[in-house]
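Just so we're aligned, residue 272 is where the sequence shown starts under the numbering used here, counting upward by one. The beta-carbon is built from N, C-alpha and C at its ideal position, and this holds for glycine as well. What follows is a short report on a single structure.
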Amino acid sequence: PQQAAPTTQRPDEIPWSRELCNSVRLIGTVGTDIELRQLPSGASVARGRIAVWKSATETTWVTLAFWDDLAVMASEHVKQGDRIFVSGRLVSDTVEEGPEKRQVYYKVVVQQFNFIESFQPVRLYSESSQDGWKAWRLCW
272 PQQAAPTTQR
282 PDEIPWSREL
292 CNSVRLIGTV
302 GTDIELRQLP
312 SGASVARGRI
322 AVWKSATETT
332 WVTLAFWDDL
342 AVMASEHVKQ
352 GDRIFVSGRL
362 VSDTVEEGPE
372 KRQVYYKVVV
382 QQFNFIESFQ
392 PVRLYSESSQ
402 DGWKAWRLCW
């Protein structure tokens, strides 16, 4: 069978980049203070979680891992309630939770973080296509 002609323009191509193969950038609110640990190898690792809002009612919690100097910096400066920008890469851990049962957990290994300046949320007015409802939503 013949495919119908596209109704939209094809997105532009970008050059291949190793940095883009696995890159994540998020802004969120820190859910707990960052916990720092020293491994037997001498490496420092810190963990925390941020809440990333899609809307006023939808939140995704993302686990963060910081390593070495960045781990120490995060543990000293990042506190619960801070709004931060993180960039890094997505990794997974598989945990055996019983016979023939595995659970996969995802986290972002942070390569850079910054604090977000204070701001007032912006109210956006939009008309929903579903049922003609008009609604306000907050843009964080």
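In three-state DSSP terms, what is residue 310? coil
Cα separation between residue 327 and residue 272? 44 Å
For residue 387, count neighbouring C-beta atoms within 10 Å of its own C-beta (all shown protein chains included) and say buried if the count is 16 or more, exposed if not. exposed
At what residues does the beta strand (DSSP E) containing residue 323 begin and finish? 315-324
Exposed unless 16 or more other CB atoms sit within 10 angstroms - verdict on residue 315: buried
Inter-residue spacing [alpha-carbon to alpha-carbon] between residue 338 and residue 310: 11 Å
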